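Chemist: Those protein sequences? They're chains A and B, same order as listed. Numbering follows our numbering, in which position 106 of the first sequence is assigned residue number 106; successive positions increment by one, without gaps. Numbering follows our numbering, in which position 80 of the second sequence is assigned residue number 80; successive positions increment by one, without gaps. Where a beta carbon is used, it is the ideal one built from N, C-alpha and C, also for glycine. Every value quoted in this text rests on a predicted model; they were computed, and no experiment measured them. Structure in structure tokens, see below.
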Amino acid sequence: MAYTAKLLSIMVVGILIGIGINKNSKKTGKDWEWLSRLSGKVQTFVVIYLIFVLGVRIGSDRHVFEQLDKLWIVALVITVAAMGLGLLFVHILRKVLKFDREGVKADD
Amino acid sequence: MTKKILFTVALGILCGRFATEHLALFQWIVDNNGLLIDLGLYALLFFVGLDMGRNETVFSDMKKAGWRILLFPFASMLGTLLGAALVSIFFPYKVNECMAIAAGFGWYSLAPVLLAEYSSIISAICFLANVMRELLAFIFIPIVAKRVGYIETTSLAGAAAMDTCLAVTIRSTHERIVIYAIACGMITGTLVPVIIPILVSF
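Below is the structure:
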């Protein structure tokens, strides 16, 4: 819970700075577009970095490779069914609650 | 993005499997994996927050969504458990065992540990299934975002929705989906250590 709180706090700090920049932009007319471009580039880099680090962690765990030949098919079928039905339920709920494809409430 | 992700995951796995014994750098990455992931997440969440703060429509979207945000993680969990229960007929494992395997919701570092004392085989399948869930989520999040819908992407990742998969979700959807991803990650993640012990107690 403390970890979750830490992650949310970091995001809130970012949000507050973003709101501050917006207000400054409206007040002074200063263009902060360079920051948006930088943010996009940093996020793409961090995605690649995170996925690589995760891959190294998975690859370094011998347990995965030793069990793959026997159990992977069971794991795959369960995972695909679980993800598929989970996706379907969320899709039905989104339609029932009338959110559009991009997650915006359609009737507002 | 999907190609980049697949290439990066494959490269990371190969480096982890074959390079850790020969190159100190990769062993260091393995030893400090938690810290490295945390640092990446901190940077990512800060910049995501910055974009959210700058995008004024995000807040009005969140306000519109309201309490409904909380329903999506439960729909995802229900579907996940039902899906696992349905395919249990194909395997020599009990319904509750297959459900417990899926109830890791992608949290492969915790879920197999919770099942370790119950059965080493179920624990091993759980590990593989939840690693696969995270990897499949990486692959399918951009596809689902494009062809099905943005909110649905959070269901694929499950407990990893606000963790490693958050990055892919943001790049494939919109900043407003972060709140759905965080709700999904928080709720499913919190319930993993609750649901698994209950399922194997039968």
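Would you call the CB atoms of residue 200/B and residue 115/B closer than 8 Å?
Modeler: Taking the second sequence and counting its residues from 1, one reaches residue 200/B at position 200. Taking the second sequence and counting its residues from 1, one reaches residue 115/B at position 115. Yes, the Cβ-Cβ distance between residue 200/B and residue 115/B is below 8 Å.
Chemist: At the 8 Å Cβ level, is residue 29/A part of the contact set with chain B, yes or no?
Modeler: Locating residue 29/A in the first sequence gives position 29, counting from the first residue. Closer than 8 Å: no.
Chemist: Comparing C-alpha positions only, which one of 145/B, 190/B, 189/B, 193/B sits nearest to residue 177/B?
Modeler: To locate residue 177/B, count along the second sequence from 1; it is residue 177. Cα-wise, what sits closest to residue 177/B is 145/B.
Chemist: Can you list, in chain order, the residues of its chain with a C-beta nearer than 6 Å to that of residue 20/B? Leave out the 5 residues immediately preceding and following it.
Modeler: Here residue 20/B is taken as the residue at index 20 of the second sequence, counted from 1. Closer than 6 Å at Cβ, skipping near neighbours: 26, 27, 30.
Chemist: Would you check if the distance between the CB atom of residue 37/B and the CB atom of residue 8/A is smaller than 8 Å?
Modeler: By 1-based counting over the second sequence, the position of residue 37/B is 37. By 1-based counting over the first sequence, the position of residue 8/A is 8. Taking 8 Å as the Cβ cut-off, residue 37/B and residue 8/A do not qualify as a contacting pair.
Chemist: Against chain A, does residue 115/B count as a neighbour if the rule is that its beta carbon must be under 8 Å from one of theirs?
Modeler: Position 115 of the second sequence, counting from 1, holds the residue named residue 115/B. Chain A contact via Cβ: absent.
Chemist: Closer than 8 Å between beta carbons: that is the criterion. Which residues of the stretch 144–171 of chain B meet it against chain A?
Modeler: Cβ contacts with chain A: 144, 148, 149, 150, 151, 152, 154, 155, 156, 158, 162, 164, 167, 168, 170, 171.
Chemist: So what does residue 99/A bridge to, in DSSP terms?
Modeler: Residue numbering aside, residue 99/A sits at position 99 when the first sequence is read from its first letter. Answer is 105/A.
Chemist: Excluding the five sequence neighbours on either side, which residues of its own chain have a C-beta within less than 6 Å of the C-beta of residue 184/B, listed in chain order?
Modeler: By one-based count along the second sequence, residue 184/B stands at place 184. Excluding residues within five positions, the ones whose Cβ falls inside 6 Å are 73, 154, 161.
Chemist: Put residue 140/B into one of helix, strand or coil per three-state DSSP.
Modeler: Sequence index remark: in the second sequence, residue 140/B carries index 140 (1-based). If DSSP states are grouped into helix, strand and coil, residue 140/B belongs with the helices.
Chemist: Could I get the ranges of all uninterrupted alpha helix (DSSP H) runs contained in the stretch 5–79 of chain B, with 4 residues as the minimum, in chain order?
Modeler: 24–31, 33–54, 56–65, all fully within the stretch 5–79 of chain B.
Chemist: Using CA coordinates, which residue listed in 81/A, 96/A, 72/A is at the minimum distance from residue 125/B?
Modeler: Residue numbering aside, residue 125/B sits at position 125 when the second sequence is read from its first letter. Comparing Cα-Cα distances from residue 125/B to each of 81/A, 96/A, 72/A, the minimum goes to 72/A.
Chemist: For residue 26/B, which residues in chain A fall below 8 Å Cβ to Cβ?
Modeler: Position 26 of the second sequence, counting from 1, holds the residue named residue 26/B. The answer, in chain order, is 56, 60.
Chemist: Whose CA, out of 103/B, 39/B, 23/B, lies closest to the CA of residue 60/A?
Modeler: Translated into positions along the first sequence, residue 60/A becomes position 60. The shortest C-alpha separation from residue 60/A is found at 23/B.
Chemist: Name the two residues that bound the continuous alpha helix (DSSP H) containing residue 112/B.
Modeler: Numbered from 1 along the second sequence, position 112 holds the residue referred to as residue 112/B. Per DSSP, residue 112/B belongs to the alpha helix (DSSP H) from 111–115.
Chemist: Taking contact to mean 3 or more Cβ pairs, one atom from each stretch, closer than 8 Å, check whether the stretch 14–29 of chain A and the stretch 50–57 of chain B are in contact.
Modeler: With a cut-off of 8 Å, the stretch 50–57 of chain B and the stretch 14–29 of chain A count as touching, because enough Cβ pairs lie within range.
Chemist: Secondary structure at residue 49/A, three-state DSSP: helix, strand or coil?
Modeler: Start at 1 with the first residue of the first sequence, and residue 49/A comes out as number 49. Helix at residue 49/A.
Chemist: Between which residues of its own chain and residue 166/B is the CB-CB distance below 6 Å, once the five residues before and five after are set aside?
Modeler: If you number the second sequence from 1, residue 166/B lands on position 166. Only 181 meet the Cβ criterion.
Chemist: Of all the residues that make up the stretch 78–96 of chain A, which are near chain B by a beta-carbon distance shorter than 7 Å?
Modeler: Against chain B - using a Cβ distance shorter than 7 Å - the residues of the stretch 78–96 of chain A are 78, 79, 81, 82, 83, 84, 85, 86, 87, 88, 89, 90, 91, 93, 94.
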